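Colleague:
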Amino acid sequence: MAEGIFKKKAPGLKASSAGIAAHPSYRIFGVLEEILDEEGIPHENHVSTQLTKEKLDEAGVVLCMEKCHAEYVRKSFPFAADKVFLLSEYAGEQGDIPDPIGLDKEFYRKTFDIITGFVVKIISGLRNREIKNMFEHLKKTDSEVYEIIESEHRRQEDNLEMIASENFASFSVLEAASSFFTNKYAEGYPGKRYYGGCLHCDEIEVLAIERCKSLFGVEHVNVQPLSGTSANMAVYFAVLEMGDTIMSMDLSHGGHLSHGHPLSFSGRFFNIIPAHNDLKTGLIDYDELEKLALKHKPKLIICGASAYPRIIDFKKYREIADKAGAYLLADIAHIAGLVAAGEHPSPVPHCDFVTTTTHKTLRGPRGGMVMCRKEHASVIDRQVFPGIQGGPHMHIIAAKAAAFGEALKPEFRDYQAQIVKNSQALAEGLLRNDFTLVTGGTDNHMVLVDLRNKNMTGKEAQNLLEDAGITANKNSIPGDPEKPFITSGIRLGTPAVTTRGMKEAEMSRIAEFINQAVEARGDEKAIASIKDKVKVMTADFPVYKSE
Ligand SMILES: Cc1ncc(COP(=O)(O)O)c(C=O)c1O
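Under my numbering, the first residue of the sequence shown is numbered 597, with each subsequent residue one higher.
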C-alpha cells in the first residue's frame, strides 16, 4: 500500500516495500485491492518481498509503520540503523500506524488515508529542503531579497497559473540560468570572440545551437537574442530599411506589440499594415490577407500571434508572401513547444525566418532566438551582434541548452500533447457553462474567452479570478468595443498547469471554479471559498517537487 502511495504521489522517487516476514506467495488482501483500484494505483504485478541486506544497502531511507518494526530492523541490520525511521516521525508527526492486515475495508481505508497524509508531508518537506538549499547563501546574506523570492515561489505554488505565455522551468534549467556563466563576457560567436577565456562559452553555445537545430530541423540558429522582441528586431533590421512595409496581425486580433504597435519600435520605424481576422468566426481570413498583401506589397509578412487559439496555416502564408514578393517571418513565441513536439505544423519549411521566445510552451529560460535558412545566417548574426545587442547572456544560453535537451526527450512530446488535451478540456468545461469562446474552441495551448454575454469586462474578470487564486490576463477580442486596458476578453492557457501534472479532470474543475467566480462576483465569502478549493487542488500538484 505504502509503495503504491509513494509511486502515485511522487513518481520521481524510487520506492519499494518489503516485509520482515514476507513471502512471494503472499497475495494482496482483497479489500486492499478494491482501495488501490479506486485510487487508480496499479497492483497486478506486485509481489511481496522479504527485507534483505541488499535491499537495505540500496535504500536511502527506510520508513517503518510501527516502532517495534523499526527496532527490529535496527537490531537485525546494525549497518543500516542510521537510515531507519518511523514513517510518522519522518513526516514530522508521531505514533505507530497499526497494520490493518486481516481487518475489514474501513480499517484499510483509514490506514491508506493516514499513510497518504504522511507521504504528502514527506514529499513537501523534501521539496522545501531542495528549494531552501538553492538559496542557502542568499538566505544568510540578504534575507530581504530572499523573503521576496520565497513569497513569489509560494504565490506560484498556491495559485493556478493560467497565463498562456507562462510556464515553470525545471530545477535543471533554473540551475543553469543561475550558473557561473553569469560572470562571463563573450561578445561575438563561437570561435570568433572579442574576449579571452571563452572556451567554455563556445562549448555551451555550440551545444545550444546543435540541440536547437535537431529540435526544429533548421539550418541556422542564433541563440543570443535576449527576448522575443529583440529576436523580431534583429530580423526587421536585417532585411528592412526604415519606412519599409510590414504586414502583420492587428494587436486587437491577436498580434504582438513588436509586430507593429505604434508605441513599439516596430510601429515607429516601419509602415505597418494590420490584418484583421474574420469578425464572425475569429479565424484568420486568408483571402483578405492575400488582397491586402497584393495591394500594399509589404517587404515582410509576419505570421504568428499572442492570442490566436487555432492552427496557423504557414503554407498558405508562404503562397501569399510569394505572390506579394515578401519575406516571410513566423513568430512562434507561443507555440514553439507545440511545434517542436509535432503538435502544431512547423513553419520551418515555409518561412525565411522563424523567431521565438524560449520561456513559454518551450519551458526554458526567459529569452529569444532567431532560426533561418543558411543564406540568411550571416545577416542575422551581424544584426543580433553588434547590430542590436552587446555581450550575450551566457548563463541564459546555458539554460537554453538545458531546456533544448529536455525538449529532445520523448516525455516532452507527451507533455505537449497533454497541453493541447488540457486546453480542449478547459474549452469544453467553459462552453458547458455558457461561456463564449473566440473561434468556438481551441487547437493549441490557449482559450480566448469573449465575456460580453456574462456582462463582464476582461479587467473585472482578471481581478476577480486573481482573488479566487486563478492568474489570467485580460485580452482584447477581435472587434473589441473596449479599450486595450479594459477589454472584453480573457486569455487562458494550459502550459503551466500541465507542467504541474494536471490533466483533463482538473481542467473541468478549473472551468467550474471560473464559472463559480464569475457567478459570485461581489460575494467576497464565496470568492474566498473558491480560493480555498484552489489551494487544496494546487497542493496536490506541487511545481518544484524533488526528482
Ligand atoms: C508572439 C509573440 N512574440 C514576441 C513576444 C515577445 O517576447 P518577449 O516578452 O520575450 O520580448 C511575445 C510575448 O508575449 C509574443 O507573444
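For glycine and all other residues, C-beta sits at the position ideal for the given N, C-alpha and C. Note that the structure is a prediction, hence the values are computed from the model and not measured.
Along the alpha helix (DSSP H) that carries Asn-1111, what are the first and last residues, could you check?
Modeller: Position 515 of the sequence shown, counting from 1, holds the residue named residue 1111. Per DSSP, Asn-1111 belongs to the alpha helix (DSSP H) from 1100 to 1115.
Colleague: Terminal residues of the continuous beta strand (DSSP E) containing Val-950?
Modeller: Numbered from 1 along the sequence shown, position 354 holds the residue referred to as residue 950. Counting along the chain, the beta strand (DSSP E) containing Val-950 begins and ends at 949 to 953.
Colleague: By the three-class DSSP mapping on this structure, what secondary structure does Cys-794 have?
Modeller: By 1-based counting over the sequence shown, the position of residue 794 is 198. Note: Cys-794 maps to coil in three-state DSSP.
Colleague: By Cβ distance, which residues of its chain are closer than 6 angstroms to Asp-1063, with the 5 residues on each side in sequence left out?
Modeller: On the sequence shown, position 467 is the one that residue 1063 refers to. Only Ile-1123 meet the Cβ criterion.
Colleague: Between Pro-1074 and Gly-863, how many whole angstroms is the CB-CB distance? I'm expecting something under 8 angstroms.
Modeller: Against the sequence shown, residue 1074 aligns to sequence position 478. Against the sequence shown, residue 863 aligns to sequence position 267. 19 angstroms between Cβ atoms; not a contact.
Colleague: Considering only C-alpha positions, which residue in the set Gly-600, Met-730, Glu-685, Ser-684 is nearest to Val-643?
Modeller: One-based indexing of the sequence shown puts residue 643 at position 47. It is Gly-600.
Colleague: Exposed or buried, what is Gly-961 when buried is set at 16 or more other beta-carbons lying within 10 Å of its beta-carbon?
Modeller: In the sequence shown, the residue the question calls residue 961 occupies position 365. It should be noted that the sequence gives Pro, not Gly, for residue 961. Buried.
Colleague: Tell me which residues pass a beta-carbon proximity test against ligand 1: closer than 5 angstroms to any heavy atom, given in chain order.
Modeller: Going by the Cβ distance cut-off, the answer is Ser-761, Ser-823, Gly-824, Thr-825, His-852, Ser-902, Asp-927, Ala-929, Thr-953.
Colleague: Applying the criterion that 16 or more other CB atoms from any shown protein chain within 10 Å of the CB defines a buried residue, is Ala-617 buried or exposed?
Modeller: For the purposes of this step, residue 617 is identified with residue 21 of the sequence shown, where counting begins at 1. It is exposed - the Cβ of Ala-617 has fewer than 16 other Cβ atoms within 10 Å.
Colleague: How many angstroms separate the CA atom of Asp-846 from the CA atom of Pro-894?
Modeller: Along the sequence shown, one-based indexing puts residue 846 at 250. Along the sequence shown, one-based indexing puts residue 894 at 298. About 15 angstroms.
Colleague: Determine the contact status of Leu-924 and His-946, defining contact as a CB-CB distance below 8 angstroms.
Modeller: On the sequence shown, residue 924 is found 328 positions in, with the first residue counted as 1. On the sequence shown, residue 946 is found 350 positions in, with the first residue counted as 1. Yes, they are a contact pair.
Colleague: In this structure, how does DSSP classify Arg-789 when only helix, strand and coil are distinguished?
Modeller: As a working mapping, residue 789 is identified with position 193 in the sequence shown. Note: Arg-789 maps to strand in three-state DSSP.
Colleague: So, are the CB atoms of Val-1130 and Ile-1086 less than 8 angstroms apart?
Modeller: As a first step, residue 1130 must be located in the sequence shown, where it is residue number 534. As a first step, residue 1086 must be located in the sequence shown, where it is residue number 490. Against a cut-off of 8 angstroms, the Cβ pair of Ile-1086 and Val-1130 comes out as no contact.
Colleague: Do you know how far the Cα of Asp-840 is from the Cα of Glu-806?
Modeller: Residue 806 sits at position 210 when you count from the first residue of the sequence shown. Residue 840 sits at position 244 when you count from the first residue of the sequence shown. For Glu-806 and Asp-840, the distance between alpha carbons rounds to 34 angstroms.
Colleague: May I ask which residues mark the beginning and end of the beta strand (DSSP E) holding Ile-842?
Modeller: Residue 842 sits at position 246 when you count from the first residue of the sequence shown. Ile-842 -> beta strand (DSSP E) spans 841 to 845.
Colleague: Roughly how many whole angstroms lie between the Cα atoms of Arg-789 and Phe-981?
Modeller: As a position in the sequence shown, residue 789 is number 193, starting the count at 1. As a position in the sequence shown, residue 981 is number 385, starting the count at 1. Those two C-alpha atoms are separated by around 11 angstroms.
Colleague: Determine the DSSP secondary structure at Thr-1032, reduced to helix, strand or coil.
Modeller: Mapped onto the sequence shown, residue 1032 falls at position 436. The answer is strand: DSSP assigns Thr-1032 an E or B state.
Colleague: In the DSSP assignment, the alpha helix (DSSP H) including Val-1043 goes from what residue to what residue?
Modeller: Along the sequence shown, read from residue 1 onward, the residue named residue 1043 stands at position 447. Premise fails: Val-1043 lies in the beta strand (DSSP E), 1042 to 1046, not in any alpha helix (DSSP H).
Colleague: Measure the C-alpha to C-alpha separation of Phe-1081 and Ser-1072 and round it to an integer number of angstroms.
Modeller: As a position in the sequence shown, residue 1081 is number 485, starting the count at 1. As a position in the sequence shown, residue 1072 is number 476, starting the count at 1. Looking at the two C-alpha atoms, the distance is approximately 9 angstroms.
Colleague: To the nearest angstrom, how far is the alpha carbon of Asn-779 from that of Gly-793?
Modeller: Taking the first residue of the sequence shown as 1, we reach residue 779 at position 183. Taking the first residue of the sequence shown as 1, we reach residue 793 at position 197. C-alpha separation (whole angstroms): 11 angstroms.
Colleague: Can you tell which of Pro-638, Arg-906, Asp-798, Met-829 has the C-alpha that lies nearest to the C-alpha of Ser-854?
Modeller: As a working mapping, residue 854 is identified with position 258 in the sequence shown. Here the closest residue by C-alpha is Met-829.
Colleague: State the Cα-Cα distance for the pair Met-661 and Ala-687, rounded to the nearest angstrom.
Modeller: On the sequence shown, position 65 is the one that residue 661 refers to. On the sequence shown, position 91 is the one that residue 687 refers to. Their backbone Cα atoms lie some 12 angstroms apart in a straight line.
Colleague: Is the Cβ of Thr-1095 closer than 8 angstroms to any Cβ of chain C?
Modeller: Structure shown: chain C not included; a single protein chain is present.
Colleague: Only counting the same chain, and skipping five residues up and downstream in sequence, which positions put a Cβ closer than 6 angstroms to that of Val-835?
Modeller: Residue numbering aside, residue 835 sits at position 239 when the sequence shown is read from its first letter. Excluding residues within five positions, the ones whose Cβ falls inside 6 angstroms are Tyr-923.
Colleague: Going by DSSP, what residue range makes up the alpha helix (DSSP H) through His-930?
Modeller: If you number the sequence shown from 1, residue 930 lands on position 334. Element bounds for His-930: n/a, residue is neither H nor E.
Colleague: Which residues share a DSSP beta bridge with Gly-1085?
Modeller: Mapped onto the sequence shown, residue 1085 falls at position 489. Gly-1085 is bridged to Asp-1046, Asn-1071.
Colleague: For Pro-1077, which residues in the same chain have their Cβ closer than 7 angstroms to its Cβ, ignoring the five residues on either side in sequence?
Modeller: For the purposes of this step, residue 1077 is identified with residue 481 of the sequence shown, where counting begins at 1. Ser-1084.
Colleague: Measure the alpha-carbon distance for Val-680 versus Lys-706 and round it to whole angstroms.
Modeller: As a working mapping, residue 680 is identified with position 84 in the sequence shown. As a working mapping, residue 706 is identified with position 110 in the sequence shown. Roughly 24 angstroms between the two C-alpha positions.
Colleague: Report, in whole angstroms, the separation of the C-beta atoms of Val-1139 and Gln-752, which I expect to be a contact under 8 angstroms.
Modeller: Here residue 1139 refers to the residue found at position 543 of the sequence shown. Here residue 752 refers to the residue found at position 156 of the sequence shown. Right, the Cβ-Cβ distance comes to about 6 angstroms (below 8 angstroms), so this counts as a contact.
Colleague: What three-state label does DSSP hand Asn-867 in the structure shown?
Modeller: Your numbering for residue 867 matches position 271 in the sequence shown. If DSSP states are grouped into helix, strand and coil, Asn-867 belongs with the strands.
Colleague: Compute the Euclidean distance between the alpha carbons of His-1041 and Ile-1015, then round it to the nearest angstrom.
Modeller: The residue labelled residue 1041 in the question sits at position 445 within the sequence shown. The residue labelled residue 1015 in the question sits at position 419 within the sequence shown. Their Cα atoms are separated by approximately 6 angstroms.
Colleague: Determine the extent of the alpha helix (DSSP H) in which Gly-964 is found, giving its start and end residues.
Modeller: Position 368 of the sequence shown, counted from the first residue, corresponds to residue 964. Taken as a continuous stretch (DSSP letters only), Gly-964 belongs to no alpha helix (DSSP H), being part of the beta strand (DSSP E) at 964 to 968.
Colleague: Okay, do the segment 737 to 744 and the segment 903 to 914 touch, 3+ Cβ pairs below 8 angstroms being the bar?
Modeller: Because the criterion of three Cβ pairs below 8 angstroms is not met, the segment 737 to 744 and the segment 903 to 914 do not touch.
Colleague: Unbroken alpha helix (DSSP H) runs of length 4 or more, entirely within the segment 709 to 783: which are they?
Modeller: Here the runs fully enclosed are 732 to 737, 739 to 754, 767 to 773.
Colleague: Helix or strand or just coil, what does DSSP make of Gly-1037?
Modeller: On the sequence shown, residue 1037 is found 441 positions in, with the first residue counted as 1. Residue state, collapsed to three classes: coil.
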